[in-house]
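In UniProt numbering, the protein residues as written are 1 to 278. Every residue, glycine too, gets a C-beta built ideally from N, C-alpha and C. Data first, discussion second: the structure below is written as structure tokens.
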């Protein structure tokens, strides 16, 4: 190889490495911005400033689509504002990208609640089952599953359809929603920052009027991007406590009967030893 060729190769490697480093640096910057936005959005929700919180959650999701925290928290925010369809999409997205079982459990549990609100009992049953696969000990999810099964028995026409097509449609809708978030945030970024600045100025004036009382109370320390620990709301139903108890007992008995059948089959297939010398 000639010296000229070696020099050209070194230059190419240098610029390629520099480009990769810049891309990595930009990605790390976006991840930090996403966490900061999640923290700010959480504070805005605590102060019941839903429009700004929603915008910041969506911007955080656009910066880091692989993170489930923003999607879960935005779903919770929609759920509390009774925006059931929007909450359903966000919980679906959160369940898809979640990597840890506790996060998957909460996302599927709340997704089941949104299906119950829409009277989609078959989908609710499947969502609660998924939640229990990730946390089999949650009694609230077991109660909601029993209720969903009971409602599906009473309303067999509610829910159903081609599950494969539905699952693909959900994924397509979630992908379209992420793309829409990215596009909307690029177009509305300046307006959001302006509104946020005005809101922050108003909040500072209000905080100043409160005097030293707020300083005495103090505020708990919050981590960047920390997921809000929202209590899981049980699905309201028409069943009495005795009916619920009966449903749970029936589920436990069914599991016990299945296990006994399995044990009986194992015993039946075992060879019996004899002491007789034939």
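query                                                                                                                                                          : result
Should residue 279 and residue 71 be called a contact, given that it needs their Cβ atoms to be closer than 9 Å?                                               : Because the chain is modelled from 1 through 278, residue 279 falls outside the range shown and cannot be assessed.
Which ranges does the alpha helix (DSSP H) cover as unbroken runs of at least 4 residues, wholly within the stretch 27–87, from first to last along the chain? : 50–63, 68–80
With a threshold of 16 other CB atoms inside 10 Å of the CB of residue 133, please say whether the residue is buried or exposed.                               : exposed
Between residue 34 and residue 67, what straight-line distance do the alpha-carbon atoms span, to the nearest angstrom?                                        : 9 Å
Please report the distance separating the alpha-carbon of residue 99 from that of residue 92.                                                                  : 14 Å
Using 8 Å for Cβ pairs, my map puts residue 121 next to residue 152. What's the rounded Cβ distance?                                                           : 4 Å
Taking the alpha carbon of residue 110 as the point to measure from, which residue in 131, 97, 44 has its own alpha carbon closest?                            : 131
Can you give the beta carbon distance from residue 50 to residue 81, rounded, assuming they're within the 8 Å contact cut?                                     : 6 Å
Could you tell me which of 75, 88, 26, 154 sits nearest to residue 45, measuring between CA atoms?                                                             : 75
Relative to the C-alpha of residue 144, which residue among 112, 118, 135, 57 is closest?                                                                      : 112
Relative to the C-alpha of residue 137, which residue among 105, 125, 85, 116 is closest?                                                                      : 105
Let's test the definition: count the other Cβ atoms within 10 Å of the Cβ of residue 62 and tell me whether it reaches 16, buried, or not, exposed.            : buried
Mind checking residue 156: buried by the 16 CB within 10 Å criterion, or exposed?                                                                              : exposed
Can you look up residue 214 in the DSSP assignment and give me helix, strand or coil?                                                                          : Only weak support exists for where residue 214 lies, its pLDDT of 45 falling under 50; the coordinates are left without a value.
For residue 102, which three-state DSSP category applies?                                                                                                      : helix
Which of the three DSSP states, helix, strand or coil, is assigned to residue 261?                                                                             : helix
To which residues of the same chain is residue 139 closer than 7 Å at the C-beta, ignoring the five residues directly before and after it?                     : none
Could you please give the first and the last residue of the uninterrupted alpha helix (DSSP H) stretch that includes residue 138?                              : Unbroken run through residue 138: none, as it is neither H nor E.
Considering Cα atoms alone, identify which of 149, 78, 261 is closest to residue 251.                                                                          : 149
Would you tell me roughly how many angstroms separate the C-alpha atoms of residue 254 and residue 146, rounded to the nearest one?                            : 13 Å
So for residue 117, helix, strand or coil by DSSP?                                                                                                             : helix
With DSSP as the reference, label residue 253 as helix, strand or coil.                                                                                        : helix
Tell me the DSSP secondary structure of residue 110 in three-state form.                                                                                       : helix
Using 8 Å for Cβ pairs, my map puts residue 85 next to residue 57. What's the rounded Cβ distance?                                                             : With 8 Å as the limit, residue 85 and residue 57 do not qualify as a contact, their Cβ atoms being about 16 Å apart.
Where does residue 23 land, buried or exposed, given buried means 16+ other C-beta within 10 angstroms?                                                        : exposed
Measure the C-alpha to C-alpha separation of residue 52 and residue 36 and round it to an integer number of angstroms.                                         : 14 Å
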